[in-house]
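Reading through the structure tokens given below for one structure.
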Amino acid sequence: MDTEIPITDPDTTNHWLQPVLAALAVIFATWIALTLRRSHAVRQRLANLRDPNHPTTIAFFHPFCHAGGGGERVLWMAVRTVQHRWPKARCVVYTGDVGITATDILDHAENRFDLTVDRKRVEFEYLSRRRLVEDSTYPRFTLLGQSLGSVVLVWDAIRKGAAKPDLYIDTMGYAFTYPLVKLLVGCPVISYTHYPTISTDMIAVVADRKGTFNNDAQIAKSSLLSRIKLVYYRFFARLYSWSGRHADMVMVNSSWTANHIHTLFRTPTRTRTVYPPCGTATFLDLPLTPRTPTAVSIAQFRPEKNHLLQIDAMALVHAQVPHAKLVVMGSARHAEDTARVHAVLERAREKGIDHVVEVVVNAPWKEVRARLGAASVALHTMRDEHFGIGVVEAMAAGVVPLAHRSGGPKADIVVPYRGVVTGFLAESVEEYAYALVKILTMDETERVRIQENARLAVAERFSDVTFEKAFVDAVEAGIEEYGRRG
547 MDTEIPITDP DTTNHWLQPV LAALAVIFAT WIALTLRRSH AVRQRLANLR
597 DPNHPTTIAF FHPFCHAGGG GERVLWMAVR TVQHRWPKAR CVVYTGDVGI
647 TATDILDHAE NRFDLTVDRK RVEFEYLSRR RLVEDSTYPR FTLLGQSLGS
697 VVLVWDAIRK GAAKPDLYID TMGYAFTYPL VKLLVGCPVI SYTHYPTIST
747 DMIAVVADRK GTFNNDAQIA KSSLLSRIKL VYYRFFARLY SWSGRHADMV
797 MVNSSWTANH IHTLFRTPTR TRTVYPPCGT ATFLDLPLTP RTPTAVSIAQ
847 FRPEKNHLLQ IDAMALVHAQ VPHAKLVVMG SARHAEDTAR VHAVLERARE
897 KGIDHVVEVV VNAPWKEVRA RLGAASVALH TMRDEHFGIG VVEAMAAGVV
947 PLAHRSGGPK ADIVVPYRGV VTGFLAESVE EYAYALVKIL TMDETERVRI
997 QENARLAVAE RFSDVTFEKA FVDAVEAGIE EYGRRG
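Taking our numbering, I'd label the letters of the sequence shown as residues 547 to 1032.
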């Protein structure tokens, strides 16, 4: 029996095929138009940024620009460097320092860091929801909360801003903002990352169930909670890596940070180590002698700085060198930092050494310089410090550094120079106490030899001039990469 083959009516086929083809043609034409428009915008932006005399808007994302730490020195040096490279650029700082005037912010930067910028070409976009990037806002899932909060802040900044930036520079390492800037603005994205938001070390701590300042002891004790946190950390690391790859250039401040960023972002051709500007030139005229038997610590009052270890070590030193003193200096950003200041003072009282411990909060630059010029030892106690500007400043000032045996101080700073030691490293309270006693009771001739070598080791390598050149080179390379990537 023959089977009939159905015949499709051409009119019926055309009835549905024609509108589908028309829709596809419109979509394709729209895509072509948008691609050409974007290509034109990219070429125009590249031409503008390549021309140093063309008026441009350059945005700096730094929600804590008034904090007064090493990261803020990088910010203001970056602003000054950009102003030199683009004399007609309008620099807009996205900050959460609501209620603080532009004059006060710039005065503080000048007094704290001994550097000036062209104030007429600096503007501030105030972000009222900075609490979204503060760790105190998120008792749990802090990293994810802060990272998503940074996206909201940049959304606010772009939405409120009078002009979209031609160049976006993040000087705090908020990688989650990069895809949003690419989507909403489409400009080059440059990052200066002081430390990775998450690292393989942090994941390992959770996997090994070790209690630290960022891994609560209760979680470390629980196998179930540790597994949950490990899944969360690994998921977050994937999001962080994906976001970071949207940057056209990532500057990192040390070998330690570079190793972690290479592992996470996997963008070696778009990653450069640019040591932070440490203002070494301002310390080089300080005399190496005489020096008082004083150890000075310069660090923000944050939990990871581990100021209490300094007090515990000093308590052991006091028994052997009773005339030795400890000066703890740093900036306090908010109530939580102020509480840590009180905790340091309380620990000194508990140890019975409050009469040889002095705490100085938010000191101006001139006082910091004077204190370093009189001290014998610079104390640093943060594990896995990404760099350690305070350590470099101390070495330039002729102070013998005693830093934590990890991170930037171990890899980049307190390293032999011309075969001679430049300082000391420690980890436990006992090691710190032993090294402090050794330095404080050292023969002056031996100590001066270390001081001279430490100063020579950092004078040029971590200078402002070296930073300016490396920063401009990296930004220009990032702009060209933006042109290649489209």
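Don't be surprised by glycine CBs; every beta carbon is placed ideally from N, CA and C.
Item: Leaving out five residues on either side along the sequence, give the residues of the same chain with a beta carbon under 6 angstroms from the beta carbon of Tyr-978.; Value: Ala-859, Ala-972
Item: Have a look at Val-625 and Lys-897 and give me their C-alpha separation to the nearest angstrom.; Value: 44 angstroms
Item: What ranges does the alpha helix (DSSP H) occupy inside the segment 928-977, keeping only unbroken runs of at least 4 residues that lie completely in it?; Value: 935-942
Item: Taking all protein chains shown into account, do 16 or more other C-beta atoms lie within 10 angstroms of the C-beta of Ile-935, making it buried, or fewer, making it exposed?; Value: buried
Item: Among residues of its own chain, excluding the 5 on either side of Leu-872, which ones have a beta-carbon nearer than 6 angstroms to its beta-carbon?; Value: Ala-841, Met-860, Val-903
Item: Tell me the residue span of the beta strand (DSSP E) that contains Thr-817.; Value: 817-819
Item: Which word fits Gln-997, buried or exposed, when buried means at least 16 other C-beta atoms lie within 10 angstroms of its C-beta?; Value: buried
Item: To the nearest angstrom, report how far apart Cys-884 and Asn-599 are at their CA atoms.; Value: Looking at the sequence itself, residue 884 is Thr, so the reference to Cys does not match. Their Cα atoms are separated by approximately 45 angstroms.
Item: Where does Leu-690 land, buried or exposed, given buried means 16+ other C-beta within 10 angstroms?; Value: buried
Item: Check this for me: beta carbons of Leu-595 and Thr-602, under 8 angstroms apart or not?; Value: yes
Item: Would you report the Cα separation of Ser-800 and Ala-957, rounded to the nearest angstrom?; Value: 8 angstroms
Item: Quick check on DSSP: helix, strand or coil for Lys-851?; Value: helix
Item: Could you name the residues of the same chain whose beta carbon sits closer than 6 angstroms to that of Val-777, not counting the 5 residues immediately before and after it, in chain order?; Value: none
Item: Could you tell me the distance, in whole angstroms, from the CA atom of Glu-1027 to the CA atom of Glu-992?; Value: 50 angstroms
Item: Provide the residue(s) that pair with Lys-871 in DSSP beta bridges, ordered along the chain.; Value: Thr-840
Item: With distances taken Cα to Cα, identify the nearest neighbour of Gly-642 among His-806, Asn-657, Pro-711, Ser-696.; Value: Ser-696
Item: Assuming Arg-886 is part of the alpha helix (DSSP H), what are its boundary residues?; Value: 881-897
Item: Confirm, please, whether the CB-CB distance from Glu-671 to Val-628 is below 8 angstroms.; Value: no
Item: Can you tell me which of the three DSSP states Val-752 falls into?; Value: helix
Item: I'd like to know whether the C-beta atoms of Val-905 and Val-874 end up nearer to each other than 8 angstroms.; Value: yes
Item: Nearest to Gly-615 by alpha carbon, out of Leu-918, Pro-823, Gly-953?; Value: Pro-823
Item: To the nearest angstrom, how far is the alpha carbon of Ala-655 from that of Asp-712?; Value: 25 angstroms
Item: For Ala-593, count neighbouring C-beta atoms within 10 Å of its own C-beta (all shown protein chains included) and say buried if the count is 16 or more, exposed if not.; Value: exposed
Item: Quick one: measure Cβ to Cβ for Leu-771 and Gly-944, integer angstroms, because I've assumed they're closer than 8 angstroms.; Value: Not really, about 48 angstroms apart at Cβ, beyond 8 angstroms.
Item: Take Val-723 and list the residues in its own chain whose beta-carbon comes closer than 7 angstroms to its own, dropping the five residues that flank it on each side.; Value: Note on residue identity: the sequence assigns Thr, not Val, to residue 723. Only Phe-607, Ser-696, Val-697, Val-700, Asp-716 meet the Cβ criterion.
Item: Within 10 angstroms of its Cβ, does Leu-582 collect 16 or more other Cβ (buried), or is it exposed?; Value: Low local confidence applies: a pLDDT of 49 at Leu-582 is under 50, so the model's placement there is unreliable, with the coordinate-based value given in what follows. Counting Cβ neighbours within 10 Å, Leu-582 comes out exposed, since fewer than 16 surround it.
Item: Does the segment 790-810 come close enough to the segment 913-926 to have 3 or more Cβ pairs within less than 8 angstroms?; Value: no
Item: Please state whether DSSP places Val-1018 in a helix, a strand or coil.; Value: helix
Item: In whole angstroms, what is the alpha-carbon distance linking Val-890 and Arg-589?; Value: 55 angstroms
Item: Within 10 angstroms of its Cβ, does Gln-1033 collect 16 or more other Cβ (buried), or is it exposed?; Value: Any answer about residue 1033 is impossible in this case: the structure gives the chain only from 547 up to 1032.
Item: Three-state secondary structure (DSSP) at Ile-646?; Value: coil
Item: Would the beta-carbon of Asp-1019 fall within 8 angstroms of that of Met-623?; Value: no
Item: Would you list the residues sitting across from Leu-713 in a DSSP beta bridge?; Value: Ile-604
Item: Could you tell me which residues DSSP puts in a beta bridge with Leu-925?; Value: Leu-948
Item: Considering only residues of the same chain and omitting the five flanking positions on each side of Ala-613, which have a CB-CB separation below 8 angstroms?; Value: Gln-846, Ser-877, Arg-879
Item: Inspect the CB distances between the segment 643-652 and the segment 736-747 and report whether three or more fall short of 8 angstroms.; Value: no
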